[in-house]
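1 is the number of the first residue of the sequence shown in full-length UniProt numbering; add one for each residue after it.
Using N, Cα and C, we set each Cβ at its ideal position, and we do this for glycine too.
Please read all numbers here as calculations on a predicted model, not as lab measurements.
Down below is the structure, laid out as structure tokens.
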Amino acid sequence: MNIEFWKPLSLSLQVAGISTLIVLIIGILIAKLMSKRQFRGKVFVETALLLPLVLPPTVIGFLLIIIFGNNSFLGKIIESVFRQSIMFTPLAAVIASTVVAFPLMYQSAKTGFQLVDSGVEDAARIDGANEWKVFLFVTLPLSFRAILTGGILSFARALGEFGATLMFAGNIPGKTQTASTAIYVAFDSGNMEMAWLLVGALIVISFFMLLCTAFLK
């Protein structure tokens with residue numbers, strides 16, 4: 001197996017890994033804030049957080065270009081600070097994968113937090129634990145399975161991301177070409193052997209990820 005196989009697969013695994021780490025942190029924090037707190041407009045906020053789950057990837061890619069593109073306010077700031085655009089870079093692939101994977105992590109973590117018995121948390125507070133200690137030593141351990149399931153599903157989703165990544169990060173071999181975009185190129189060019197190798201690799205990895213979630217139930 002040559003670089004045409006390993007390079008995009010390796011990049012996909014790296015992007016998915018970084019994206020999963022980001023959504024784990026952000027997803028857990030936001031899910032904790034939203035799980036047991038009621039406020040006006042909460043349903044609209046939650047709908048917005050889950051929107052990437054149902055939006056077409058091309059819509060997400062389009063919005064990312066509008067937000068981070070060279071002609072956007074934020075894009076110009078980033079380019080002036082880092083001397084390069086964020087588009088068509090591995091970071092763009094990470095951002096695209098993070099956006100599409102976030103809802104899975106958020107929903108899973110929120111469900112886990114909502115299932116935690118409030119009485120157990122209150123008992124820890126009575127024993128003198130502050131909110132941070134309650135969260136770290138009571139809530140998180142009791143929600144571990146839900147959080148781990150969300151992390152696995154987020155990784156699998158990030159690994160298979162195609163549309164938003166293609167639009168926002170491009171398909172530059174050796175730089176931003178992930179396994180999904182490499183499959184598209186291989187199929188389009190008639191290189192069926194490479195297409196099958198990459199397809200098979202993603203199927204095996206995704207199957208293993210889903211199998212892990214089955215054992216967590």
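Aspartate 127: first and last residue of the uninterrupted alpha helix (DSSP H) it sits in: Secondary structure note for aspartate 127: it is in no alpha helix (DSSP H), with a DSSP letter that is neither H nor E.
Closest residue to isoleucine 172 among Ala182, Leu50, Ala129 (Cα-Cα distance): Ala182
Glycine 61 classed as buried or exposed, judged by whether at least 16 other C-beta atoms fall within 10 angstroms: buried
Segments of 4+ residues assigned as alpha helix (DSSP H) that fall wholly inside the segment 143-203: Correct list: 144-159, 163-168, 179-188.
First through last residue of the alpha helix (DSSP H) which encompasses threonine 139: Per DSSP, threonine 139 belongs to no alpha helix (DSSP H) and is neither H nor E.
Supposed close pair alanine 101, threonine 20 - CB separation, criterion 8 Å: The pair is a contact, with the Cβ atoms about 7 Å apart (cut-off 8 Å).
Supposed close pair phenylalanine 5, leucine 198 - CB separation, criterion 8 Å: Rounded, the Cβ-Cβ distance is 7 Å, consistent with contact.
Within 7 Å, strictly: CB atoms of leucine 202 and arginine 157: no
Straight-line gap, serine 118 to alanine 169 (C-alpha atoms, nearest Å): 44 Å
contact_flag[the segment 145-156, the segment 16-33] where n(CB pairs < 8 Å) is 3 or more: Under the three-pair Cβ rule at 8 Å, the segment 145-156 counts as touching the segment 16-33.
Proximity below 7 Å, CB of valine 204 to CB of valine 94: no
Status (buried if at least 16 other CB within 10 Å, exposed otherwise) for serine 80: exposed
Validate contact between the segment 132-151 and the segment 105-112 using beta carbons, cut 8 Å, 3 pairs: yes
Same chain, Cβ closer than 6 Å to isoleucine 86, neighbours up to 5 away in sequence not counted: Annotation for isoleucine 86: Phe68, Ile78, Ala92 place their beta carbon closer than 6 Å to its own, counting only its chain and skipping 5 residues before and after.
For isoleucine 205, three-class secondary structure by DSSP: helix
Nearest-angstrom beta carbon gap, phenylalanine 162 and proline 57 [assumed within contact, 8 Å]: With 8 Å as the limit, proline 57 and phenylalanine 162 qualify as a contact, their Cβ atoms being about 6 Å apart.
Asparagine 70 to valine 185 span [Cα, whole Å]: Each residue's Cα considered, the two are about 26 Å apart.
For serine 35, the three-state DSSP class (helix, strand or coil): helix
Status (buried if at least 16 other CB within 10 Å, exposed otherwise) for threonine 47: exposed
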